[in-house]
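Following my numbering, the numbering of the sequence shown begins with 49 at its first residue and continues without gaps.
All C-beta atoms in this analysis are idealised placements derived from N, C-alpha and C, irrespective of residue type, glycine included.
It should be emphasised that the depicted structure is a prediction, and the values quoted were computed from it without experimental measurement.
I have placed the structure first, in the form of structure tokens, so that the comments after it can refer back to it.
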Amino acid sequence: KSMNILVLESSPHKDGASNTLAGYFIKGAKEAGHSVSILDVGHMSIMPCVGCYRGKSVGHCVFHKDDMYIVEQELINADMVVYVTPIYFYDMCAQLKLVIDRLHCFYGHLEGKKCLLLATAWRADDEVMVYLKNLYQGMAHYLHYENLGAIMAKGCGSPETIRRSLYVAEAYELGKSLN
């Protein structure tokens, strides 16, 4: 069955390592017959959640008038969400965290969707991805996502290093194998 896949790219570098990795996943998913939409949340105008809790009762943020309404509609219409982030300091980048925090108002509409994490980091040691992995797994559990896992590309902080890695083949094959 063909899926509507939403890829949330968050790097401030449009052609950076994480978006490059996402490109391989997208290529595989499209070849498998899936529809893929990309939102570059790293360059959208998305304000931080203020914790007012007013949006929870109506199902969308009532405080900010920003680009999050675009993200919200795309998320609701997607069958699968792919979170794409570089690692700068042990966690997802701030641009993606803004989106995650704003899910609070409408997360009930996201239950049952498939999800995947694609992350890149300069550092190659095991510790660099631990905190992001825990945050992602907790988020997937809380949102009742079907977690398809993560590709956590250690030692791949530039487009050149990611292209030379085995992670790109893994991302492509994962996209191609989706059903």
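In the displayed model, Leu-158 falls within a helix according to three-state DSSP.
Here Ala-198 carries a strand assignment [DSSP, helix/strand/coil].
Residues Gly-103, Met-116, Arg-150 and Cys-153 of the same chain have their beta carbon placed closer than 7 Å to that of Cys-109, with the five preceding and five following residues left out of the count. In the structure shown, the three-state DSSP call for Val-132 is strand.
Assignment of Ile-74 by DSSP, reduced to helix, strand and coil, places it in the helix class. Counting along the chain, the unbroken beta strand (DSSP E) around Ser-85 starts and ends at 83 to 88.
Per the C-alpha coordinates, the member of Leu-196, Cys-204 and Ser-206 positioned closest to Asp-127 is Leu-196. The alpha-carbon separation between Val-89 and Asp-63 amounts to approximately 14 Å. By the C-beta density criterion, Gly-76 is buried, having at least 16 other C-beta atoms within 10 angstroms. In this structure, Ile-74 is the residue among Gly-160, Ile-74 and Ile-210 with its C-alpha nearest to the C-alpha of Ile-86. Distance from the CA of Ser-93 to the CA of Val-130, rounded to the nearest whole angstrom, comes to 20 Å.
Taking a cut-off of 8 Å on C-beta distances, the region 200 to 215 touches the region 167 to 175, as three or more cross pairs fall below it. For Ile-53, no alpha helix (DSSP H) encloses it; the enclosing beta strand (DSSP E) starts and ends at 52 to 57.
Shown here for Asn-67: same chain residues with a beta carbon closer than 6 Å to its own, the five before and five after excluded, namely Glu-57 and Ser-59 in chain order.
The alpha-carbon of Tyr-136 is positioned some 29 Å away from that of Asn-52. DSSP, reduced to helix, strand and coil, places Ala-80 outside both helices and strands of the structure shown, so it counts as coil.
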